[in-house]
Structures are given as structure tokens and as C-alpha cells.
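Below: one structure, written as C-alpha cells.
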Amino acid sequence: MRQEASILTPSQVGQYIKGFMDRDRLLSGLLVRGELSNYKMYPSGHHYFTLKDREGALRCVMFRGDAASLRFRPQNGMQVIAAGRVTVFPRDGQYQMYCVRLTPEGAGDLFVAFEQLKERLLRQGLFAQEHKKPLPRMPGRIALVTSPAGAAVRDMLRILGARWPMAQVRILPVRVQGEGAAEEIAAAIRWANLHQVADLVITGRGGGSMEDLWAFNEEVVAQAIYDSNIPVISAVGHEPDVTIADFVADLRAATPSNAAELAVPDQNEVYAALLGSKQRMEQAMRQRLLRGRQQLERLGKSRMLTDPKAYVQDKRVLLDYQSRRMDQAMTNLLAVKRARTGQLAAALDAMSPLKVLGRGYAIAQKQDGGIISHTGDAAPGERFRLRVSDGELTCRVEETDACDTAQ
Numbered sequence: 002m003r004q005e006a007s008i009l010t011p012s013q014v015g016q017y018i019k020g021f022m023d024r025d026r027l028l029s030g031l032l033v034r035g036e037l038s039n040y041k042m043y044p045s046g047h048h049y050f051t052l053k054d055r056e057g058a059l060r061c062v063m064f065r066g067d068a069a070s071l072r073f074r075p076q077n078g079m080q081v082i083a084a085g086r087v088t089v090f091p092r093d094g095q096y097q098m099y100c101v102r103l104t105p106e107g108a109g110d111l112f113v114a115f116e117q118l119k120e121r122l123l124r125q126g127l128f129a130q131e132h133k134k135p136l137p138r139m140p141g142r143i144a145l146v147t148s149p150a151g152a153a154v155r156d157m158l159r160i161l162g163a164r165w166p167m168a169q170v171r172i173l174p175v176r177v178q179g180e181g182a183a184e185e186i187a188a189a190i191r192w193a194n195l196h197q198v199a200d201l202v203i204t205g206r207g208g209g210s211m212e213d214l215w216a217f218n219e220e221v222v223a224q225a226i227y228d229s230n231i232p233v234i235s236a237v238g239h240e241p242d243v244t245i246a247d248f249v250a251d252l253r254a255a256t257p258s259n260a261a262e263l264a265v266p267d268q269n270e271v272y273a274a275l276l277g278s279k280q281r282m283e284q285a286m287r288q289r290l291l292r293g294r295q296q297l298e299r300l301g302k303s304r305m306l307t308d309p310k311a312y313v314q315d316k317r318v319l320l321d322y323q324s325r326r327m328d329q330a331m332t333n334l335l336a337v338k339r340a341r342t343g344q345l346a347a348a349l350d351a352m353s354p355l356k357v358l359g360r361g362y363a364i365a366q367k368q369d370g371g372i373i374s375h376t377g378d379a380a381p382g383e384r385f386r387l388r389v390s391d392g393e394l395t396c397r398v399e400e401t402d403a404c405d406t407a408q
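And the structure:
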């Protein structure tokens with residue numbers, strides 16, 4: 002009976018080992034450094050992978066709830082530090098690590114996540130220069146997608162009011178850090194486009210740590226900026242701070258104050274430019290009036306105005322002279338053309354067959370119209386026509402007598 006009671010089933014052995022391992026303080030909360038391999042994320046949201054070094058390997062799982070806090074995308078070959086507990090899965094008797102946190106070794110998870118998203122969006126073309134939209138020179142409506150309570154919004158309102166007070170500035174209040182901040186920023190940009198409430202959008206916040214600024218490194222914000230039909234200026238943090246939003250935006254400003262300066266012209270500079278244009282226009286008008294006055298003065302001294310009768314008489318004499326010249330030129334031209342026509346007519350007449358017939362020559366033609374040029378072209382008794390200068394004769398061949406042309 003004692004021997005029978007000491008026999009255990011595989012599941013009992015697994016449960017015993019599991020309980021032993023769960024009670025072990027080291028295995029219940031440990032950190033493991035290793036290289037990621039066999040990494041796979043299933044549709045359920047659970048992550049499965051293996052941590053390995055040169056001499057061993059450890060199977061790991063990270064359930065969906067813990068994986069949701071990952072800032073970066075794990076990749077095979079990456080050196081990481083995993084936090085969690087090691088226990089046995091009784092069903093297959095295999096021990097594995099249940100990870101609750103995963104951090105890249107040598108770099109923070111935020112930095113790795115930033116670089117991974119930056120590389121992916123770069124490949125997708127979200128940073129392409131040809132997609133950048135030009136900013137309006139004098140925007141009439143400006144939307145500020147930022148926190149309504151921060152120093153950044155106060156600085157922007159102050160500078161916009163001083164530089165370009167005619168612009169209507171609308172604040173679209175959002176959270177700029179913490180959970181859900183990225184979604185609010187993206188939703189505000191989409192809302193501004195949907196309702197066409199602005200000619201220009203400025204989104205940003207004051208400085209802070211990388212984690213404080215992280216909302217502007219989220220893909221949802223990058224996509225909203227890329228999809229915006231309204232030009233977007235990013236104004237996140239201070240000069241050294243660079244976010245994903247800066248790469249996607251149509252213009253990156255070093256600070257929120259700088260964004261306000263870049264967004265609108267200075268009214269004093271515009272006024273000075275308008276004043277300069279006004280002065281140049283007035284000067285051009287004065288010059289034109291002066292030239293017109295001088296021209297009128299010259300006309301006033303001309304003979305046409307001082308003695309119009311004599312001026313008209315002179316023009317009439319000139320007109321008569323030009324008319325006579327034209328008549329003479331036309332007469333000369335007609336004479337030349339007439340002489341040339343006579344020469345051509347004489348040449349044609351000299352070449353006319355009728356002219357040859359007038360000199361005593363004749364053309365003999367057969368009944369079918371063929372020309373008789375040799376004695377062999379007609380036979381004795383054959384009738385033919387003889388063309389002379391003033392008509393035709395009907396003839397008949399009595400006999401043929403060929404001449405010796407060589408003599």
C-alpha cells in the first residue's frame with residue numbers, strides 16, 4: 002500500500018515541480034540577459050521567443066497584457082534583458098520564463114522604439130521632401146494643437162498676437178503626454194482637416210524628457226500629420242529635441258516660440274514693405290507725369306500747334322510730291338513689265354510650229370493622225386493629210402522615192 006501511494010502521475014510530478022519553482026524566490030523574480038531567437042507574435046497578442054547564449058537556451062512567453070507596454074519591436078538577434086519568473090507548464094512538462102518586461106541591452110527601449118519607427122516610416126516615404134506642403138505666406142486662421150495650460154501655448158499666443166494680430170488663432174486642446182495623448186493629438190489634426198478650421202496647424206509642447214515627449218513619437222501622430230491637407234509645423238521641446246513628428250511635418254521649428262515666428266510674418270516688416278512699395282509707385286507716377294508734361298511742352302512748341310495752317314500746307318505739298326513719285330514709279334514698272342512681256346511673246350512666236358509652216362514647210366499626217374516623217378511611213382495609194390500654214394490638203398501617195406541622206 003505504501004508503495005502504491007508513492008506512485009505519481011506525470012501531471013502530479015509537473016504540479017509538484019511547479020509549486021517548488023513558484024515558491025523559489027530567485028525563480029519568482031529574476032532578470033535574464035540573452036539573445037532573442039525564434040521570436041514570433043501570434044494573433045492573440047502573445048509573444049513567444051527564446052533567450053539564448055553560447056551554452057544554453059530558455060523558452061519564454063510574454064502575454065498580451067504585458068506585451069502592450071513594449072515601446073519597441075523585438076527582433077531576432079537583439080540582446081535584451083527580460084524580467085519575469087520561471088516555472089513549469091504542467092501539460093508538457095517544459096519549464097519556461099513568463100516575461101513581464103523586456104528591455105534592449107545597451108540602449109533604452111524608447112530609443113530603440115524611436116529608431117525602429119523612424120526607419121520604418123522612412124521606408125514608407127512619410128519623410129519624403131516632395132510630400133512637404135508650402136506654408137501660407139499670410140495665414141488668416143491658425144490652429145494650435147497643444148495643451149491649453151502649458152507655457153508653450155502662452156508663448157505662441159503672445160508672439161502670434163505681436164507679429165500678426167489679424168490672424169484668428171484657435172486652440173484645439175489636447176493632452177501632450179501620458180496615456181492617450183498621441184491619440185488626442187492625431188484626432189485634433191484630423192478634426193481640423195475635416196472641418197477646415199485653419200490655414201495652418203502648429204502642434205507641439207514645451208521641453209521635457211524623452212518619455213515626456215513620447216506622444217509625438219507615436220505612429221498615429223505621424224500618420225495624422227502625413228495625411229493632413231493643411232500644412233503642419235511641429236514645435237516639440239527645445240532645439241536638441243527631435244521627434245518623429247518633426248520628420249513628417251511640413252516644417253520643423255526648434256521651439257514653440259520659433260514656430261510662431263515661422264508661421265506668420267512680422268506686421269511691422271510687412272508695413273515697411275508696403276510703405277516702400279507705395280513710395281516706389283508714387284515716384285514712378287511722378288516720373289511718368291513729368292515725362293508726359295515734357296512731351297506736351299515739346300508738342301506745344303511744334304509747328305503743328307503754333308501754325309497749323311502752314312503745317313497742313315506743308316503736309317499737302319509733301320503728299321502731292323509722294324503721289325507723283327508713286328505714279329511715276331508705277332508707270333516705269335508697267336513699262337518694264339510690258340517690254341518683258343513683248344520679249345517673251347516674240348520668243349514664243351519664233352518657236353511656234355505655225356511660224357515654221359509659214360516659211361513653206363508642211364506636216365504630213367496619216368488618216369489615224371500619225372506623222373509621216375519617212376518614205377516608209379506611207380505606202381503607194383495611201384491617202385494622207387498635208388498641213389500647211391493656212392489649212393490642210395488631202396493627198397494620195399503615187400510612189401515613194403527614198404533619198405540617200407548620206408550624200
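Using this note's numbering, read the sequence shown as starting at 2 and increasing by one per residue.
Glycine included, C-beta positions come from ideal geometry on N, C-alpha and C.
Worksheet item: Can the beta-carbon of residue 177 be found closer than 7 Å to that of residue 216?
Response: yes
Worksheet item: Based on the DSSP secondary-structure assignment, which residues constitute the bridge partners of residue 105?
Response: 81
Practice prompt. Output the distance between the C-alpha atoms of residue 38 and residue 197, rounded to the nearest integer angstrom.
Written response: 49 Å
Discussion item. Quick test of your reading: residue 389 and residue 363, contact by CB under 8 Å. State the CB separation rounded to the nearest angstrom.
Written reply: 5 Å
Worksheet entry | The beta strand (DSSP E) enclosing residue 40, as first and last residue numbers | 31-42
Worksheet item: What's the gap between the Cα of residue 182 and the Cα of residue 149?
Response: 13 Å
Worksheet entry | Extent of the continuous alpha helix (DSSP H) run through residue 198 | Counting along the chain, residue 198 falls outside any alpha helix (DSSP H), and DSSP gives it neither H nor E.
Worksheet item: Are the beta-carbon atoms of residue 236 and residue 187 separated by less than 7 Å?
Response: no
Practice prompt. Starting from the C-beta of residue 100, find all residues in its chain whose C-beta is less than 6 Å away, skip the five residues before and the five after it, and write them out in chain order.
Written response: Closer than 6 Å at the Cβ level, and outside the excluded window around residue 100, lie 61, 63, 83, 85.
Practice prompt. Go ahead and pull the three-state DSSP assignment for residue 145.
Written response: Residue 145 sits in a strand when the DSSP states are folded into three classes.
Worksheet item: Between which two residues does the alpha helix (DSSP H) carrying residue 332 extend?
Response: 309-351
Worksheet item: If you scan the stretch 253-290 from start to end, which runs of the alpha helix (DSSP H) of 4 or more residues do you find wholly inside it?
Response: Residue ranges of uninterrupted alpha helix (DSSP H) with 4 or more members, entirely inside the stretch 253-290 and ordered along the chain, are 257-264.
Worksheet entry | residue 386, enclosing beta strand (DSSP E) - first and last residue | 384-389
Worksheet item: Under the three-state reduction of DSSP, which class applies to residue 372: helix, strand or coil?
Response: strand
Worksheet item: Excluding sequence positions up to five away, which residues of its chain have a Cβ less than 6 Å from the Cβ of residue 403?
Response: 376
Worksheet item: When you compare each of 159, 146, 205, 169 to residue 1 by their alpha carbons, which one comes out closest?
Response: Residue numbering for the chain in the displayed model covers 2 to 408; residue 1 lies beyond these limits and cannot be assessed.
Fill in: Where residue 297 falls: helix, strand or coil (DSSP)
helix
Worksheet item: What's the gap between the Cα of residue 45 and the Cα of residue 80?
Response: Their Cα atoms are separated by approximately 25 Å.
Fill in: Start and end residues, beta strand (DSSP E) containing residue 169
Run containing residue 169: 169-174, per the beta strand (DSSP E) assignment.
Practice prompt. Kindly identify the DSSP beta-bridge partner or partners of residue 236.
Written response: Residue 236 is bridged to 205.
Worksheet item: Hey, quick one: how far does the beta strand (DSSP E) through residue 392 stretch, first residue to last?
Response: Note, residue 392: beta strand (DSSP E), 392-397.
Worksheet item: What residues match up with residue 98 in a beta bridge as DSSP calls it?
Response: Beta-bridge pairing links residue 98 to 61, 87.
Practice prompt. Mark residue 372 as exposed unless 16 or more other C-beta atoms lie within 10 angstroms of its C-beta, in which case mark it buried.
Written response: exposed
Worksheet item: Can you give the Cα-Cα distance for residue 393 and residue 385, rounded to whole angstroms?
Response: 10 Å
Worksheet item: Within the chosen definition, does the stretch 135-145 reach the stretch 66-80 through at least 3 CB pairs nearer than 8 Å?
Response: no
Worksheet item: For residue 241, which of 250, 220, 254, 229 has the nearest alpha-carbon?
Response: 254
Worksheet entry | Alpha-carbon to alpha-carbon, residue 245 and residue 119 | 7 Å
Worksheet item: What is the DSSP secondary structure of residue 150, reduced to helix, strand or coil?
Response: coil
Discussion item. Just checking residue 86 against the ligand FMN - is the residue's beta carbon closer than 6 Å to any of the ligand's heavy atoms?
Written reply: Among the components of this structure there are no ligands whatsoever, and the ligand FMN is therefore not found.
Fill in: Option in 360, 382, 380 with minimal Cα separation from residue 391
360
Worksheet entry | In DSSP terms, what residue 49 is bridged to | As DSSP reads the structure, residue 49 sits in a beta bridge with 41, 62.
Discussion item. Would residue 52 and residue 30 be called neighbours here (beta carbons separated by less than 7 Å)?
Written reply: no
Worksheet item: Taking DSSP as the reference, what is the three-state secondary structure of residue 134?
Response: coil
Worksheet item: Taking the continuous beta strand (DSSP E) assigned at residue 224, which residues delimit it?
Response: Careful: residue 224 lies outside any beta strand (DSSP E), inside the alpha helix (DSSP H) at 220-228.
Worksheet entry | Of the residues 98, 206, 20, 342, the one placed nearest residue 153, counting alpha carbons only | 206
Item to complete: Spatial neighbours of residue 48 within its chain, please: CB distance less than 6 Å, with the 5 preceding and 5 following residues excluded, ordered by chain position.
Response: 42, 63, 68
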